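One structure is given here, and the rest of the page talks about it.
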Amino acid sequence: MSQYLEGGCQCGSIRYRLSGAPLLAALCHCSMCRRASAAPAVAWAMYEQGQLEFESAELTVYESSPGALRGFCPRCGTQISFRADYLPGLVDITIGSLDDPAKVEPTFHYWDAERLPWVEFADRLPRHAEFPPLG
Ligand SMILES: [Zn+2]
Ligand SMILES: [Zn+2]
11 MSQYLEGGCQ CGSIRYRLSG APLLAALCHC SMCRRASAAP AVAWAMYEQG QLEFESAELT
71 VYESSPGALR GFCPRCGTQI SFRADYLPGL VDITIGSLDD PAKVEPTFHY WDAERLPWVE
131 FADRLPRHAE FPPLG
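Residue numbers (my numbering): 11 to 145.
Now the structure itself:
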């Protein structure tokens, strides 16, 4: 993996840069991610906040549940980030907003308990009913 990854929203107002490798990358099937992105599932990569640098306009933040902040482009609506009180110092970035999403490959599924019955990814990655313990 190259040292830097870049990404942004659909309209180009939001641009960011990530340094180094993610702590983890996974597919979330929870109903909140589904609604926020209007997509069947969302692929997230988790980083330490120090690895993330914005080079552009500010994200607009929506508190989707208490202490959980979803960042998106105020112009085009692309969901970019997720931060939560229970993940201090960490930030999730949508893999789909990377310029080259193929470079970050999810290694498990989580919130599989809320997965839509017609969503079947053809992989053999581990599946967790909710979020697995970190570390
Ligand atoms: Zn945008
Ligand atoms: Zn989720």
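Glycine included, every Cβ here is placed at the ideal spot set by N, Cα and C. Every value quoted in this text rests on a predicted model; they were computed, and no experiment measured them.
Ser-66 sits away from Thr-88, with the two beta carbons spaced by 8 Å or more. Taking C-beta atoms under 8 Å as the contact rule, Ile-105 and Ile-90 fail to qualify, at a distance of about 11 Å. The Cβ atoms of Asp-122 and Ala-139 lie closer than 8 Å to each other.
Ala-55 is the residue among Ser-74, Arg-80 and Ala-55 whose C-alpha sits nearest the C-alpha of Pro-32. Val-71 is not a Cβ neighbour of Gly-60, given a cutoff of 8 Å.
Each residue's CA atom was taken as its position, placing Glu-130 and Pro-98 some 32 Å apart. Unbroken beta strand (DSSP E) runs of no fewer than 3 residues, entirely contained in the segment 42 to 111, are found at 52 to 58, 62 to 64, 70 to 75, 78 to 82, 89 to 94 and 100 to 104, following chain order. DSSP links His-138 through a beta bridge to no other residue. Taking the CA atoms as reference points, Tyr-57 sits about 22 Å from Ser-41.
In the DSSP assignment, His-119 forms a beta bridge with Leu-37 and Arg-137. If you look at Arg-125, you'll find it isn't in any beta strand (DSSP E); DSSP assigns it neither H nor E.
For Leu-144, there is no enclosing beta strand (DSSP E), as DSSP gives it neither H nor E.
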